[in-house]
Amino acid sequence: MPADKYDHAVNNASLVITHGGTGAIIKALKAHKQVVAIPRREKYGEHSDDHQLQIVDFFSGNGYVIKVDDVSELEGSIQSLFENPIKKRFKGKGNIIEIIDDFIKI
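The structure is reproduced here in structure tokens:
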């Protein structure tokens, strides 16, 4: 999806379901959206390693997103967010280097 269409879709959504890429998650969080993140996994041939699992674990462990490990959990996760929206807001800096630096310091 082209970036401008993605931005438009995120800005008009109440809920964003995304893979575990840092950019996709942070864009949705900066737009103050509820986020369900499903990390791409090496064991399924979706990625070369499990770095997205680590990224989603960080954001979900800090209360910013709902992590879905299996697509069968997706419907329940969406329902959970509508019933109990995440209230914590991401206040990370816009510079990716500073975001990574903050992550390393945790």
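Going by this note's numbering, 1176 is the number at position 95 of the sequence shown; the sequence numbering is gapless. Backbone N, C-alpha and C fix where the C-beta goes; we use that ideal spot for every residue, glycine too. Fair warning: this is a prediction, and the values are worked out from it, not measured in the lab.
DSSP assignment within the stretch 1125-1161 yields the following whole alpha helix (DSSP H) runs of 4 residues or more, N-terminal first: 1132-1142. Put simply, of 1083, 1099, 1113, 1172 the residue whose alpha carbon is nearest the alpha carbon of residue 1092 is 1113. In the structure shown, the three-state DSSP call for residue 1098 is strand. The DSSP-derived three-state label of residue 1109 is helix.
The straight-line gap separating the alpha-carbon atoms of residue 1158 and residue 1166 is approximately 11 Å. A distance below 8 Å between beta-carbons, with the five flanking residues on each side excluded, links residue 1152 to the following residues of its chain, in chain order: 1119.
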